[in-house]
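Take a look at the structure below.
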């Protein structure tokens, strides 16, 4: 099993450009998440999904949109990139049932906005 | 939101024990997790403890939970240079199992 796969691994954008980050998981997990990681700030939740066709806002959703058209995929979109969105983005997934459902993470996408 | 705090840095010598500490504020935590992040990689689950336990041991790793003080620690025995990484503690909550709150991470530096 590949687990959680993120593409691309690196990207440089100019201010105002748009892009989509793709996350795919092959563990049949219901829940999927997008986090951003910034130095000294840990991980902050951007958006999450509790199942195919559903999405919800996390802690820092502004400037991002998401879609979950298929259970195994969770897309994160930046419509008009800003330098403040320079970060490392992590996708994660987990089971929906059971009390112990740890997050499984992808290897991250490093995004630089100039 | 919930507050999970960790010290930012820890430096130890190879062969010594490392103790990484974490405090949290929400007493309705169910599971508390430790994740390890190596450079350029995602977070890897190391171990976890259920909130009604005080201690859990897994090979070189010992997790201690003090519910009264809302304090969690991770002890790594016989620390190796390969243990150098950032360690995150995280909690999931009783009323929302699939919401996780992370600390800012502790960077462990192991000197040969």
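Protein chains in written order, with the numbering used here: chain A, 459 to 572; chain B, 6 to 117.
Note that beta-carbon positions come from the ideal geometry of N, C-alpha and C, so glycine has one too.
Hey, could you find the ends of the beta strand (DSSP E) residue i is sitting in?
i	result
residue 26(B)	23 to 29
residue 531(A)	531 to 536
residue 74(B)	No beta strand (DSSP E) holds residue 74(B); DSSP gives it neither H nor E.
residue 116(B)	111 to 116
residue 550(A)	545 to 552
residue 18(B)	14 to 18
residue 526(A)	Here residue 526(A) belongs to no beta strand (DSSP E), and DSSP marks it neither H nor E.
residue 567(A)	567 to 571
Measuring CA to CA, which of the options is closest to residue i?
i	options	result
residue 560(A)	500(A), 552(A) and 567(A)	552(A)
residue 527(A)	519(A), 494(A), 542(A) and 480(A)	480(A)
residue 499(A)	546(A), 523(A) and 478(A)	546(A)
residue 534(A)	474(A), 460(A) and 490(A)	490(A)
residue 524(A)	548(A), 492(A) and 501(A)	492(A)
residue 19(B)	92(B), 93(B), 88(B) and 68(B)	88(B)
residue 69(B)	98(B), 32(B), 42(B) and 27(B)	27(B)
residue 92(B)	57(B), 82(B), 86(B) and 51(B)	51(B)
residue 55(B)	45(B), 33(B) and 64(B)	33(B)
residue 521(A)	542(A), 510(A), 529(A) and 562(A)	542(A)
residue 502(A)	510(A), 562(A), 548(A) and 571(A)	548(A)
residue 468(A)	16(B), 41(B) and 45(B)	45(B)
residue 550(A)	486(A), 477(A), 473(A) and 539(A)	486(A)
residue 78(B)	8(B), 59(B) and 16(B)	59(B)
residue 94(B)	49(B), 84(B), 22(B) and 82(B)	49(B)
Taking residue i as the query, report the chain A residues whose CB atoms sit under 8 Å from its CB, ordered along the chain.
i	result
residue 93(B)	500 and 501
residue 110(B)	500
residue 90(B)	Within 8 Å Cβ-Cβ: nothing; residue 90(B) doesn't reach chain A, min ~14 Å.
residue 29(B)	What residue 29(B) touches in chain A: nothing, since even the nearest Cβ is about 13 Å away.
residue 98(B)	Those do not exist, as residue 98(B) stays about 11 Å from chain A at its closest Cβ, beyond 8 Å.
residue 50(B)	560, 561 and 562
May I ask you to list the residues that DSSP assigns as paired with residue i?
i	result
residue 477(A)	536(A)
residue 63(B)	66(B)
residue 464(A)	481(A)
residue 36(B)	55(B) and 97(B)
residue 506(A)	491(A) and 514(A)
residue 10(B)	28(B)
residue 41(B)	49(B) and 92(B)
residue 501(A)	495(A)
residue 471(A)	571(A)
residue 79(B)	25(B) and 68(B)
Going along chain B in order, which residues have a C-beta closer than 8 Å to the C-beta of residue i?
i	result
residue 479(A)	Going along chain B, no residue has its Cβ under 8 Å from residue 479(A), so there is no contact; the nearest lies around 14 Å.
residue 535(A)	Those do not exist, as residue 535(A) stays about 21 Å from chain B at its closest Cβ, beyond 8 Å.
Mind listing the chain B neighbours of residue i? Cutoff is C-beta to C-beta under 9 Å, in chain order.
i	result
residue 466(A)	Per Cβ cutoff of 9 Å: no residues; residue 466(A) is ~14 Å from chain B at best.
For a contact meaning CB atoms closer than 7 Å, what does residue i contact in chain A?
i	result
residue 47(B)	548, 563, 564, 565 and 566
Whose Cβ in chain A lies nearer than 9 Å to the Cβ of residue i?
i	result
residue 14(B)	Those within 9 Å of residue 14(B) in chain A number zero; the least Cβ separation is about 11 Å.
* Would you be able to state if there are at least three C-beta pairs under 8 Å between the stretch 70 to 88 of chain B and the stretch 464 to 476 of chain A? => no
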